[in-house]
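Protein chains: 2
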Amino acid sequence: MLSKKAKYAIKALLALAEHDRDEPFRIADLAREENIPAKFLELILLGLRNHGILQSRKGKGGGYLLARDPADIYLGQIVRMFDGPLAPVPCASQTAYVRCTDCKNEAVCGVHLAMKEVRDATAKILDGTSLASLHRQVELATIHTSAAAAFGPQVPIKD
Amino acid sequence: MLSKKAKYAIKALLALAEHDRDEPFRIADLAREENIPAKFLELILLGLRNHGILQSRKGKGGGYLLARDPADIYLGQIVRMFDGPLAPVPCASQTAYVRCTDCKNEAVCGVHLAMKEVRDATAKILDGTSLASLHRQVELATIHTSAAAAFGPQVPIKD
DNA sequence: ATTTACTCTATCAACTAGATAGGTTAAATA
DNA sequence: TATTTAACCTATCTAGTTGATAGAGTAAAT
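Read top to bottom, the protein sequences are chains A and B. Just so it is clear: in the first sequence, position 90 is 89 by numbering that gives the first Met the number 0, and no numbers are missing. Just so it is clear: in the second sequence, position 90 is 89 by numbering that gives the first Met the number 0, and no numbers are missing.
Rendered as structure tokens:
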């Protein structure tokens, strides 16, 4: 399960990526816009800042900005930061490998084999998706959705 | 994260799949062989039985058996049974969809889009891997491992 | 000096995971 | 029939985590 922290982080970062690159975004505004408890979001953004993903400005006119280009911020990094390794089991993790104490021989462990596949597939997606590319996907989906809306639910008009 | 329950379940089921199909396997033996706390395994096997994945026999000569062909038992079912839906977020689940209350339009939500990809990739793997196929993978890995062992670590012999 | 808005630490209730304890029931066998 | 064996079932516990809130501190702008 993705934690709320990671989920909110992605939503907030995506909003920042869509927003004017050098205009600070206030916590309160971000919270309202994305339906996130403000105090909770505060913690999350602070974490992102301390990991060098966000920049901040204090005082009037302050707020948060992306510290890097949206094309260089990957979901994999965000998820790992809040939820730890992507692998379902520590012995299948590439970034935070830990041996199973109960396992005689990992090379021939069924759980290991299957979960390594899952971790590789997940990593391929999340380490391959940047805020920029996700933003493009959202735009694409928006066009499709609004096109569908324009041609409307096909209900005959009664006059 | 895969829970210990799901992990132990897979290990136990795989051991049963490798074992004589109509010879009951006792909890205690299974626990010893797979390094699983016996009382905890008891609970897990009971759950599997109540879901129709295992059969049991009481009393002397009793124990657990697979209720179906190993080729018809998929990891997806096991994992869902103990850990719930495969999707990282409920709105991306196919088998247990729940709408996000905080999300205006799911069709254009970045989190939804990315997590649906992850859930689909995960489901493809876990719903495509049966105990039988996993067993084959383990055998294959065993051959590779023992071959590597046979040709040994390539350390020159000093005489 | 005051306002604004981020910074930081502490705290909390609710929940869950992993595990253990201990009695109950049913099947086999002596 | 009594005994042994081994699954069945319910209760309980502790430790840790998650999602969230409170409130005082600090830096920048006006």
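Glycine residues also receive a C-beta, built at the ideal position from the N, C-alpha and C atoms. Just so you know, these numbers come straight off a predicted model, no measurement behind them.
Shortest alpha-carbon distance to residue i belongs to which of the options?
i, options, result
"Leu29 (chain B)", "B:Ile72, B:Leu12, B:Asp21", "B:Leu12"
"Met0 (chain A)", "B:Gly127, B:Pro84, B:Lys4", "B:Pro84"
"Lys103 (chain B)", "A:Glu32, A:Lys4, A:Ala27", "A:Glu32"
"Ile124 (chain B)", "A:Ile142, A:Ala86, A:Glu116", "A:Glu116"
"Glu22 (chain B)", "B:Lys4, B:Pro36, B:Leu53", "B:Leu53"
"Gly109 (chain A)", "B:Phe81, B:Ser129, B:Ser145, B:Lys4", "B:Ser129"
Just the Cα atoms here: how many angstroms apart are residue i and residue j?
i, j, result
"Cys99 (chain B)", "Ala120 (chain B)", "21 Å"
"Met114 (chain B)", "Ser55 (chain B)", "39 Å"
"Gln93 (chain A)", "Arg79 (chain A)", "12 Å"
"Ser2 (chain B)", "Gln76 (chain B)", "14 Å"
"Leu64 (chain A)", "Ala16 (chain B)", "55 Å"
"Glu138 (chain B)", "Cys90 (chain A)", "19 Å"
"Pro155 (chain A)", "Arg20 (chain A)", "Confidence is the limiting factor: at Pro155 (chain A) the pLDDT is only 46, short of 50, which leaves the residue's position unreliable and the question unanswerable from this model."
"Lys6 (chain A)", "Ile9 (chain B)", "29 Å"
"Lys57 (chain B)", "Asn49 (chain B)", "15 Å"
"Arg67 (chain A)", "Leu40 (chain A)", "20 Å"
"Glu24 (chain A)", "Gly62 (chain A)", "In the sequence as presented, Glu is not what sits at residue 24 (chain A); that position holds Phe. If you take the alpha carbons of Phe24 (chain A) and Gly62 (chain A), they lie about 5 Å apart."
"Asn34 (chain B)", "Ile72 (chain B)", "23 Å"
"Leu42 (chain B)", "Gly60 (chain B)", "20 Å"
"His143 (chain A)", "Arg135 (chain A)", "13 Å"
"Lys38 (chain B)", "Leu45 (chain B)", "11 Å"
"Pro36 (chain A)", "Gly51 (chain B)", "43 Å"
"Val97 (chain A)", "Glu105 (chain A)", "11 Å"
"Leu47 (chain A)", "Asp82 (chain B)", "29 Å"
"Ser145 (chain B)", "Lys4 (chain A)", "45 Å"
"Ala27 (chain B)", "Ala122 (chain B)", "32 Å"
"Gly127 (chain B)", "Asp126 (chain A)", "24 Å"
Is the beta carbon of residue i sitting closer than 8 Å to the one on residue j?
i, j, result
"Leu133 (chain A)", "Leu112 (chain B)", "yes"
"Pro69 (chain B)", "Ala14 (chain B)", "no"
"Val88 (chain A)", "Ala140 (chain B)", "no"
"Ala95 (chain B)", "Arg118 (chain B)", "no"
Could you check whether the Cβ of residue i sits closer than 8 Å to any Cβ belonging to chain B?
i, result
"Glu41 (chain A)", "no"
"Met0 (chain A)", "yes"
"Asn49 (chain A)", "no"
"Asp158 (chain A)", "At Asp158 (chain A), the pLDDT of 44 sits below 50, so the modelled position is not reliable; the number obtained from the coordinates is stated separately. Chain B, which has no Cβ nearer than 8 Å to the Cβ of Asp158 (chain A), makes this no."
"Leu29 (chain A)", "no"
"Asp101 (chain A)", "yes"
"Val107 (chain A)", "yes"
"Val97 (chain A)", "no"
"Leu44 (chain A)", "no"
"Leu120 (chain A)", "In the sequence as displayed, the identity of residue 120 (chain A) is Ala instead of Leu. Taking Cβ atoms only, chain B reaches closer than 8 Å to Ala120 (chain A), which makes this a yes."
"Leu53 (chain A)", "no"
"Leu65 (chain A)", "no"
Comparing the C-beta of residue i with each C-beta of chain A, is any distance below 8 Å?
i, result
"Gln76 (chain B)", "no"
"Val117 (chain B)", "yes"
"Ile9 (chain B)", "yes"
"Leu112 (chain B)", "yes"
"Lys4 (chain B)", "no"
"Thr94 (chain B)", "no"
"Ile124 (chain B)", "yes"
"Val88 (chain B)", "yes"
"Leu13 (chain B)", "yes"
"Ala70 (chain B)", "no"
Exercise. Along the chain, which unbroken stretches of the alpha helix (DSSP H) at least 4 residues long are found entirely within the stretch 18-61 of chain B?
Worked result: Whole alpha helix (DSSP H) segments, 4+ residues: 26-33, 37-49.
Exercise. Which ranges does the alpha helix (DSSP H) cover as unbroken runs of at least 4 residues, wholly within the stretch 72-148 of chain B, from first to last along the chain?
Worked result: DSSP runs (the alpha helix (DSSP H)) wholly in the stretch 72-148 of chain B: 74-82, 109-125.
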